[in-house]
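Residue numbers (our numbering): 882 to 1247. For every residue, glycine included, the Cβ atom is placed at its ideal position computed from N, Cα and C.
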Ligand code: MRU
């Protein structure tokens, strides 16, 4: 997508042909800074520190991380070590494991001398495939927005609520939840997005609002607890969120707070859609609520807030009394029964095992 007239992806191979560029998402929306990753350890640290984040981007970064590892040492031991190190960075988004598995499957049979080149080629492919998948997600999701737009009165807009950032920054390009929104906006359909701020790290307020603003999409940032009120008052036509892992039974894991939005949507008959690329499906898990590992993050994300002061300085301030204990669960799981549909690259599916297995037979273990 464009940033000040220049096209960017969230991650790319630098012109030197081996180092990897990525937008430092910890600095947005205040500063647009590009980071350079030159080793597998730096790629791992970029994921751990959330310089890059969002399930598909975590997967693409891990793929490039394996390529960087192979450039330094293409032995079997190094391939295994890089995979283990990358898998230990964040536990919830299954795209990480998918990407590491893909890389290891492609590279393990090769002679060490052929691995580095093959690793870069597969990592590039994974990144390019993500862009195409997200474009297709947008095409299928666009149909849902068009259907709602068709029954609106002249001058009315389609109001979409989203949570966290499942935008182009969270993927390689387009985003998952945002792809239908961008495609609708680009076709002249009037859309407006309610952007949940998404405490504690504020990916909605910092990243989704930044993206939508740069693309000219009308949007309003709301405190996390506002969605239910908006839905009660018919101010939300549909919700579209992303996901870090979908279990084979259609349960959806996404940023903490997603479940509460799904409950409010259900109570108010607001359609609740989840947009996902197929690498986000975990066919090895049949009960998302019980089996998906939920990341718990550092307390300071809850106790402190970071922002830009009036004089331009970036400041971090404490907002919780000293001594109060805090909990910081990164994700929650929305049961499939609360999900209206899964927007995938192969169409809008029912959140059910059979629908997922039929659409992706090559990945399903049924
Ligand atoms: O902790 P984050 O910022 O990596 O969490 C991101 C999300 O929860 C996204 O909604 C999800 O990864 C889908 S991204 C297309």
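What is the rounded straight-line gap between the Cα of residue i and the Cα of residue j?
i: residue 1195; j: residue 927; result: 21 Å
i: residue 966; j: residue 981; result: 10 Å
i: residue 1220; j: residue 963; result: 36 Å
i: residue 1091; j: residue 910; result: 6 Å
i: residue 933; j: residue 1058; result: 18 Å
i: residue 1020; j: residue 1014; result: 10 Å
i: residue 950; j: residue 1000; result: 9 Å
i: residue 1131; j: residue 1181; result: 33 Å
i: residue 1098; j: residue 1072; result: 7 Å
i: residue 1016; j: residue 1206; result: 43 Å
i: residue 1186; j: residue 899; result: 36 Å
i: residue 1217; j: residue 1111; result: 23 Å
Just checking residue i against ligand 1 - is the residue's beta carbon closer than 8 Å to any of the ligand's heavy atoms?
i: residue 882; result: no
i: residue 1135; result: yes
i: residue 901; result: no
i: residue 1021; result: no
i: residue 1070; result: no
i: residue 1128; result: no
i: residue 957; result: no
With respect to the beta strand (DSSP E) encompassing residue i, which residues constitute its N-terminal and C-terminal limits?
i: residue 893; result: 892 to 894
i: residue 1223; result: 1222 to 1225
i: residue 1135; result: 1133 to 1136
i: residue 1103; result: 1100 to 1103
i: residue 1040; result: 1039 to 1043
i: residue 975; result: Note, residue 975: premise wrong, no beta strand (DSSP E); not H, not E.
i: residue 929; result: No beta strand (DSSP E) holds residue 929; the alpha helix (DSSP H) holding it covers 921 to 929.
Can you check DSSP and say which residues form a bridge with residue i?
i: residue 1154; result: 1121 and 1222
i: residue 1196; result: 1188
i: residue 889; result: According to DSSP, which records beta bridges pairwise, residue 889 is partnered with nothing at all.
i: residue 1162; result: 1127
i: residue 1228; result: 1225
Give the DSSP-derived three-state secondary structure of residue i in the structure shown.
i: residue 901; result: strand
i: residue 1173; result: coil
i: residue 1028; result: helix
i: residue 876; result: Nothing about residue 876 can be read from this structure; the chain reaches only from 882 to 1247.
i: residue 909; result: coil
How is the alpha helix (DSSP H) around residue i delimited, first residue to last?
i: residue 1244; result: Per DSSP, residue 1244 belongs to no alpha helix (DSSP H) and is neither H nor E.
i: residue 1148; result: 1139 to 1148
i: residue 941; result: 936 to 953
For residue i and chain C, any beta-carbon pair shorter than 9 Å?
i: residue 1210; result: The structure shown contains no chain C; it holds only a single protein chain.
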